[in-house]
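With numbering that gives the first Met the number 0 applied, the sequence shown corresponds to residues 0 to 386, in that order. First up is the structure itself, then whatever we jot down about it.
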Amino acid sequence: MKAKKVLSLLMTAVLAAGMLTGCGGGRGTEDTTQTADTSAGVEETADAESTGEAEPDEAGASSAGSGIVGVALPWLGTQNWAEAEVMFKEQLEAAGYEAIIQAADQKVPQQQQQIESMIENGAQVIVVGPVDGSQLGSVLEKAKDAGVYVIGYDRLLENTTGVDGVVQFGSVKTGELQAQALLQGLKELKGEAPYNIELFGGGPADPNAPNFFTGAMSVLQPLIDDGTLVVVSGQTDFTQCATVDWDNSKAQSRMDAILAGNYSDIEIDGVLSPNDGIARAIITSCENAGQPIPVVSGLDAENESVEWVWSGRQYSTVAKPTNALVAETVSIINSLLSGNGMPATDVTANNGVMDVPIYELPPVVVTKDNAKEVFADDPDRMALLKD
Numbered sequence: 000m001k002a003k004k005v006l007s008l009l010m011t012a013v014l015a016a017g018m019l020t021g022c023g024g025g026r027g028t029e030d031t032t033q034t035a036d037t038s039a040g041v042e043e044t045a046d047a048e049s050t051g052e053a054e055p056d057e058a059g060a061s062s063a064g065s066g067i068v069g070v071a072l073p074w075l076g077t078q079n080w081a082e083a084e085v086m087f088k089e090q091l092e093a094a095g096y097e098a099i100i101q102a103a104d105q106k107v108p109q110q111q112q113q114i115e116s117m118i119e120n121g122a123q124v125i126v127v128g129p130v131d132g133s134q135l136g137s138v139l140e141k142a143k144d145a146g147v148y149v150i151g152y153d154r155l156l157e158n159t160t161g162v163d164g165v166v167q168f169g170s171v172k173t174g175e176l177q178a179q180a181l182l183q184g185l186k187e188l189k190g191e192a193p194y195n196i197e198l199f200g201g202g203p204a205d206p207n208a209p210n211f212f213t214g215a216m217s218v219l220q221p222l223i224d225d226g227t228l229v230v231v232s233g234q235t236d237f238t239q240c241a242t243v244d245w246d247n248s249k250a251q252s253r254m255d256a257i258l259a260g261n262y263s264d265i266e267i268d269g270v271l272s273p274n275d276g277i278a279r280a281i282i283t284s285c286e287n288a289g290q291p292i293p294v295v296s297g298l299d300a301e302n303e304s305v306e307w308v309w310s311g312r313q314y315s316t317v318a319k320p321t322n323a324l325v326a327e328t329v330s331i332i333n334s335l336l337s338g339n340g341m342p343a344t345d346v347t348a349n350n351g352v353m354d355v356p357i358y359e360l361p362p363v364v365v366t367k368d369n370a371k372e373v374f375a376d377d378p379d380r381m382a383l384l385k386d
């Protein structure tokens, strides 16, 4: 009996130690300040780590190519987020990581719970595409306290010190490109100025949305002031133009109301749209109202909008290749879990309490004129460009 009792106590101790080890984060006992170059591809890193099981370094962090990585996405309701789910799984597993990937259906409490679960399940790095970048502070601080690295994906994580960096396409630059494409299309298709236009913004909970709008208005506002552009509805503030939850149906309802109230006897020439789903809703509203199709911008190069750009229904979109954004994120994860810390970057953004390192990729305007060039290495989208 006495021997059985000793054996039982030993087994209990071993199990307890295992549970504690499983909850360990990726930072080790100290934060590392060393930086690394991210120019090396993900595949090279994966190949280098493919032989044998990686050993933890002296600080307690796992080597690149091993460990648990959580990915918290806001939802899967648009093509870019659905692609992110698939591509994170493929790229993380190819690099040798165990991936925990969850989407929150645009619900902040659900995303908070998912991140907490990732912490409890031993994630060493958590990638967060926030539902609302300002509402995750407490759970991200919890991740930081547990030694977990946090990388914002596509959107800034606000009002928290629990973030190590953000990977995204330049959001202000994206807005500038959308506005420039709108102006280009107006000149090509709508004759001489002045032009009647309307303005749409994205979801106010998304920190990128006001940045898109700010970038666009830096281009458009001088032309509104000099009369080249006429916003017939008078709605020019982001709060007036925002589309809650990036909801296409809400955008279409607002466009219906604008047309009914302001365009009964005049034509609308162009619309600034913050993404492709809203662009298609705007175009559908105009067609239903008997208006000629206006020049409309977009974002994300969704398949349906790529077809619409190619056919001339939507003038432009902006490509932000999900594959490239995921690859950059995985490269940073490799750096962190190799013990090399966050890579160097000259770009930062203040999130309300700290300057966050930003890893920016360049967005690209797509029109019918350059679509084949932009998508030359994307066989799926090239297949949509049918002559």
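Just so you know, even glycine gets a beta-carbon here, dropped at the ideal spot from N, CA and C.
The beta-bridge partner set that DSSP reports for Ala71 consists of Gln101, Val127. Taking every protein chain shown into account, the CB of Thr238 has fewer than 16 other CB atoms within 10 angstroms, so this residue is exposed.
Look at Ile357 here: in three-state DSSP terms it is strand. For Asp205, the number of other beta carbons within 10 angstroms of its own is at least 16, and it is reported as buried. Ser133 is the residue among Asn369, Ala343, Ser133 whose C-alpha sits nearest the C-alpha of Pro203. In this structure, Val365 and Val317 form a Cβ contact; the two beta carbons are roughly 7 Å apart against a cut-off of 8 Å. Going by beta carbons, Gly69 and Ile99 fall inside the 8 Å limit. Contact check for Gln167 against Glu306 fails: the beta carbons are separated by 8 Å or more.
In the displayed model, Ile267 falls within coil according to three-state DSSP, outside both helix and strand.
The count of Cβ pairs closer than 8 Å, one atom from the region 292-306 and one from the region 264-278, reaches three, so the stretches are in contact. Classified as exposed, Pro361 has fewer than 16 neighbouring CB atoms from the shown chains inside 10 Å of its CB. The shortest C-alpha to C-alpha distance from Glu301 to any of Asp144, Ile277, Asn261, Gly174 is the one to Ile277. The bridge partners DSSP lists for Gln167 are Glu359. Burial state of Glu175 is buried, judged by a 10 Å Cβ sphere holding 16 or more other Cβ atoms.
Counting along the chain, no alpha helix (DSSP H) covers Ile292, and no H or E run does either.
Contact annotation, Gly201 with Thr242: C-beta distance approximately 6 Å; criterion of less than 8 Å satisfied. For the pair Ala102 and Leu72, the Cα-to-Cα distance works out to about 5 Å.
The beta-bridge partner set that DSSP reports for Ala348 consists of Val355.
Its Cα nearest to that of Arg154, the residue Gly169 stands out among Asp144, Val363, Gly169.
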